[in-house]
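Here's the structure we're looking at; comments come further down.
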Amino acid sequence: MSTIFKKIIDREIKSEIVYEDQNVICINDINPQAPIHLLIIPKKIIETINDIDIDNKHLIADMVFAAKKIAKNLKIDKKGYRLVFNCNDDGGQTVYHIHMHFLAGRKFTWPPG
0 MSTIFKKIID
10 REIKSEIVYE
20 DQNVICINDI
30 NPQAPIHLLI
40 IPKKIIETIN
50 DIDIDNKHLI
60 ADMVFAAKKI
70 AKNLKIDKKG
80 YRLVFNCNDD
90 GGQTVYHIHM
100 HFLAGRKFTW
110 PPG
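Per numbering that gives the first Met the number 0, residue 0 is the first one in the sequence shown, and the count goes up by one each step.
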């Protein structure tokens with residue numbers, strides 16, 4: 000299976016890469032919902048959070064640690080940011096390659112909507 004994210008990872012589609020390491024890549028969202036809206040994506044294709052298993056559970060930690068590094072690099076680690084996973088249609092997932100939304104640059108409220 001190929002996804003738009005896999006094409007970005009493979010450099011078949013151009014995107015502004017904010018962060019990259021061995022297991023994850025981070026890009027700007029093309030439809031930002033906050034002043035800072037990034038997508039942190041594992042390089043391995045996993046369709047939904049429901050498909051995480053014992054062999055790839057470390058990727059979730061890799062994504063969170065990437066978010067921590069990115070927040071520090073952007074100097075927003077102290078002010079705050081929001082991390083979001085969407086799962087399946089009712090959860091708002093539109094690309095079936097797990098990714099974590101990194102939102103910052105404004106104050107967020109709860110519930111999110």
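Every residue gets a Cβ at the ideal spot worked out from N, C-alpha and C, and that includes glycine.
Quick caveat: nothing in here was measured; it's all calculated off a predicted structure.
Reference residue 107; option with closest CA among 45, 42, 80: Selected option, being the one with the closest Cα: 80.
Determine the burial state of residue 62: buried for a count of at least 16 other Cβ atoms within 10 Å of its Cβ, exposed for fewer. Buried, because 16 or more other Cβ atoms sit within 10 Å of the Cβ of residue 62.
8 Å Cβ shell around residue 26 - same chain, five flanking residues per side excluded: The residues are 7, 14, 15, 16, 17, 37, 38, 40.
Look at the alpha carbon of residue 83 and the alpha carbon of residue 0, and state the distance between them as a whole number of angstroms. Computed Cα separation, rounded: 24 Å.
Whose C-alpha, out of 54, 30, 12, is nearest the C-alpha of residue 101? Here the closest residue by C-alpha is 30.
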